[in-house]
Every structure is written in C-alpha cells, then in structure tokens.
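Numbering of the sequence shown is given in this note's numbering, commencing with residue 119 and proceeding in unit increments. The C-beta atom is built at its ideal place from N, Cα and C for all residues, glycine as well. As the structure is a computational prediction, the values presented were derived from the model and not from experiment. The next block holds one structure in the form of structure tokens; read it before the comments.
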Amino acid sequence: MNRRRVLELALGASAALAVGVGAQRTARADGERRLHAFVPTGMGVLSFQKLLARAMPGTQVVVFGRHRDFETGLAEGPDGVLTLEPILRAKQLRPAVLGNNGSGSKEPYALISVGRAVEPSKVASVGAVDILGRQGMKEFVASLLGASPKIEPVTKVEDLLPLLQLASVEAVLAPERFVRSLQAKSKLDLHATRAPGAVGLPALSIMTAAGAALAQDVRRLDPQVSEEMGVTRWD
C-alpha cells in the first residue's frame, strides 16, 4: 500500500468518525434519551439490548456485558443507568425506581454445586458473574456468604456451568431464579444452597434532567422484559 492510499484511508476514517459524532449530537438534541444498562440475564447481551430497546421507543438503549465496559460507559454521560442496586451503591448513584419481585426489592442468591450441597461459610472457591470488579466482588461475595472464598469471575451467566463441568470451583453463585435453568442445561447432579444474604434487584438512577422521563418508561416496561431481570413490578 503506497503513502497516498494510506493518507486517503486515514482521512476517510476521520470523516466517518466526525459523521458518527455529529449523528450522536443530533439525536441528543432532538430529545432522544440515552439509557445505559448493566444487568446480567440469561440472554445474550445483544438479544437483551434489542428486547429492552423495543420496549423503550424514543430511548437510545446501550446494554453492557462487562463491568469495565459499563464503567467506561458512565463517562459518556448517559441520561439514566439501569443496573443492580449494589452497583449503583458502589458508584454512589441514587436509585429513583426500584425493581420489586413481589417479596421486596431484594432477591435470594444460591450456591450451586455438583454432587452435594455446600456450606456457605465453608466454601473454598466460587464462580460468579463479575459485576463489581476484583475488589468489589470480594466484598460482594463476603457480604452474601459470610466467608471469603477464592473467586473465579466470568462475564455471563452461561459461563458458570463450564466452571462446574471442569471442576474449576467448588460452587457457583447466582440468583436463585437461575437454578432450574442451569439444572435443565446440564446433566450434572446439581445441588443448590441458599446464600445467607440477598442482593438488591435492578434499579434506575436518573443522571440528567432529560432522564427524568425514563422513570415512567421503566415503570411501564413489558412484563417479559422485567421478568428477564427478576422483576415483577417497578416502584
């Protein structure tokens, strides 16, 4: 490739970037709100993003699958953030709308193990979806179990089963509502033990004045979308 061609490609890339930035600013100026969501579910990230976006017309929905990407996204200044309550607390963000599962705004978690149930206070190693980063996960798991086992982080709920299949950990930690689906996807003899602690369900934090309208949008979410996040109503 000659020097002239390299220069043409560089100029083309710069122009494309400028168009992208301009389009984003236009969308914001026209009143489109931006919602960033980080809620581990049983669906793929793109599938859940499409589901949530369809339920929130007029809102630019971005769903993140990794904690570090979500952190980077916060710097972009979204109008609202939809994520688990402990994540909002860690980021010092105030919840405006709380998810409720009919029993309250928290849900039970379970330790899922092969062959036998494990004792939460004695488990030596656990797999868990990384929602808070290395140090945050240590504190999160300790608050749930009353113990500090070695943690093997994964990015998706579906990545928990391979940890058990390969005997990489003694148990995996997940919302109790995922126990049946994990058992159905595996031929392993899986046992579940409820963790002593519980975890706050997803909640919405409003970041800008334009984001105030997101509160009503979230409260009106289709039941299918809410249930994917373990929520039956929004308070």
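At the level of alpha carbons, what is the spacing between residue i and residue j?
i, j, result
"Ser286", "Glu294", "21 Å"
"Ser266", "Glu150", "44 Å"
"Leu319", "Ala235", "25 Å"
"Ser323", "Thr201", "8 Å"
"Ala327", "Val343", "25 Å"
"Arg212", "Leu206", "7 Å"
"Ser304", "Leu279", "8 Å"
"His309", "Phe296", "12 Å"
"Gly315", "Lys168", "32 Å"
"Arg252", "Pro271", "8 Å"
"Ala333", "Leu192", "18 Å"
"Thr311", "Ser239", "11 Å"
"Ala313", "Val336", "29 Å"
Give me the Cβ distance between residue i and residue j, rounded to the nearest whole Å; I'm assuming they're in contact under 8 Å.
i, j, result
"Gly348", "Glu225", "5 Å"
"Lys274", "Gly195", "The pair is not a contact, with the Cβ atoms about 27 Å apart (cut-off 8 Å)."
"Val181", "Leu170", "6 Å"
"Val215", "Trp352", "5 Å"
"Gly176", "Ala208", "With 8 Å as the limit, Gly176 and Ala208 do not qualify as a contact, their Cβ atoms being about 29 Å apart."
Taking C-beta to C-beta, are residue i and residue j nearer than 8 Å?
i, j, result
"Asp248", "His154", "no"
"Leu300", "Ile230", "yes"
"Leu263", "Val232", "no"
"Arg152", "Asp187", "no"
"Val317", "Pro204", "yes"
Could you pull out every residue in the same chain whose Cβ sits closer than 6 Å to the Cβ of residue i, ignoring the five residues on either side in sequence?
i, result
"Ala173", "Leu339, Asp340, Val343"
Ordered along the chain, which non-local residues of its own chain (more than five positions away) have a Cβ less than 8 Å from that of residue i?
i, result
"Ala292", "Tyr227, Ala228, Ile230, Ala246, Val247, Val275, Leu278, Leu300"
Give a yes or no on whether the minimum CB-CB distance between residue i and chain B is below 8 Å.
i, result
"Thr311", "Included in the structure is just one protein chain, with no chain B present."
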